[in-house]
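K.L.:
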């Protein structure tokens with residue numbers, strides 16, 4: 002989705018003027034962008050898989066996982082809006098400062114990677130139990 006169309010969509014959702022859209026590298030996501038809203042100190046992340054995508058179920062699962070982890074006190078973005086059935090399924094979440102897990106993992110030595118994976122496994126275990 003081009004930035005003008007995305008800004009129009011998000012201005013309705015966030016009820017404010019979009020003053021910045023910065024497209025980010027994304028893993029599986031079709032697109033991810035950092036969003037700034039006028040007179041709002043909160044920054045957001047918009048994540049979508051694009052039109053015709055069959056990834057709506059994945060986004061819904063991600064929404065549920067983020068919501069659970071956020072409520073449990075883990076430092077993950079809080080989802081604030083989402084749509085899983087329209088042409089452009091998406092999640093809109095608060096942006097939190099810090100390093101992405103995948104970046105921390107890739108930039109770590111073997112010992113730290115092991116610790117990161119143990120922490121991730123503990124969080125995942127808490128999520129499914």
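In my numbering, the protein residues as written are 2 to 130.
In this text, a Cβ means the ideal position worked out from N, Cα and C, and glycines have one as well.
(1) Alpha carbon to alpha carbon, how far is residue 98 from residue 46?
(2) What is the rounded straight-line gap between the Cα of residue 71 and the Cα of residue 116?
(3) Measure the Cβ-Cβ separation of residue 127 and residue 73 and say whether it is below 8 Å.
(4) If you scan the stretch 24 to 78 from start to end, which runs of the beta strand (DSSP E) of 3 or more residues do you find wholly inside it?
(5) Among residues of its own chain, excluding the 5 on either side of residue 92, which ones have a beta-carbon nearer than 7 Å to its beta-carbon?
(6) Going by other Cβ atoms of all chains shown within 10 Å of its Cβ, with 16 needed for buried, is residue 34 buried or exposed?
(7) Starting from residue 4 and walking both ways along the alpha helix (DSSP H), at which residues does that stretch end?
(8) Give me the Cβ distance between residue 17 and residue 39, rounded to the nearest whole Å; I'm assuming they're in contact under 8 Å.
(9) Tell me the DSSP secondary structure of residue 101 in three-state form.
(10) Between residue 21 and residue 4, what straight-line distance do the alpha-carbon atoms span, to the nearest angstrom?
(11) Quick one: using the 10 Å Cβ neighbour count with 16 as the cut-off for buried, is residue 103 buried or exposed?
P.N.:
Quick answer:
(1) Position 97 of the chain shown, counting from 1, holds the residue named residue 98. Position 45 of the chain shown, counting from 1, holds the residue named residue 46. In a straight line, the C-alpha of residue 98 is about 11 Å away from that of residue 46.
(2) Residue numbering aside, residue 71 sits at position 70 when the chain shown is read from its first letter. Residue numbering aside, residue 116 sits at position 115 when the chain shown is read from its first letter. When rounded, the separation of the alpha-carbon atoms in residue 71 and residue 116 is 21 Å.
(3) Your numbering for residue 127 matches position 126 in the chain shown. Your numbering for residue 73 matches position 72 in the chain shown. Contact annotation: residue 127 and residue 73 have beta-carbon atoms nearer than 8 Å.
(4) Runs found: 32 to 38 and 44 to 49.
(5) Here residue 92 refers to the residue found at position 91 of the chain shown. Take residue 92, set aside five residues on each side of it, and the residues of its chain with a beta-carbon closer than 7 Å to its own are 48, 60, 63, 64, 80 and 83, in chain order.
(6) Within the chain shown, the letter at position 33 stands for residue 34. Residue 34 is buried by the Cβ-count criterion.
(7) Taking the first residue of the chain shown as 1, we reach residue 4 at position 3. It spans 4 to 15 - the alpha helix (DSSP H) in which residue 4 sits, taken as one unbroken run.
(8) Your numbering for residue 17 matches position 16 in the chain shown. Your numbering for residue 39 matches position 38 in the chain shown. A Cβ-Cβ distance of about 6 Å is found for the pair residue 17 and residue 39, placing them in contact under the 8 Å criterion.
(9) Mapped onto the chain shown, residue 101 falls at position 100. Coil at residue 101, not helix or strand.
(10) Numbered from its first residue, the chain shown carries residue 21 at position 20. Numbered from its first residue, the chain shown carries residue 4 at position 3. In a straight line, the C-alpha of residue 21 is about 9 Å away from that of residue 4.
(11) Locating residue 103 in the chain shown gives position 102, where the first residue counts as 1. Of the residues assessed, residue 103 falls on the exposed side of the cut-off, its CB having fewer than 16 other CB atoms within 10 angstroms.
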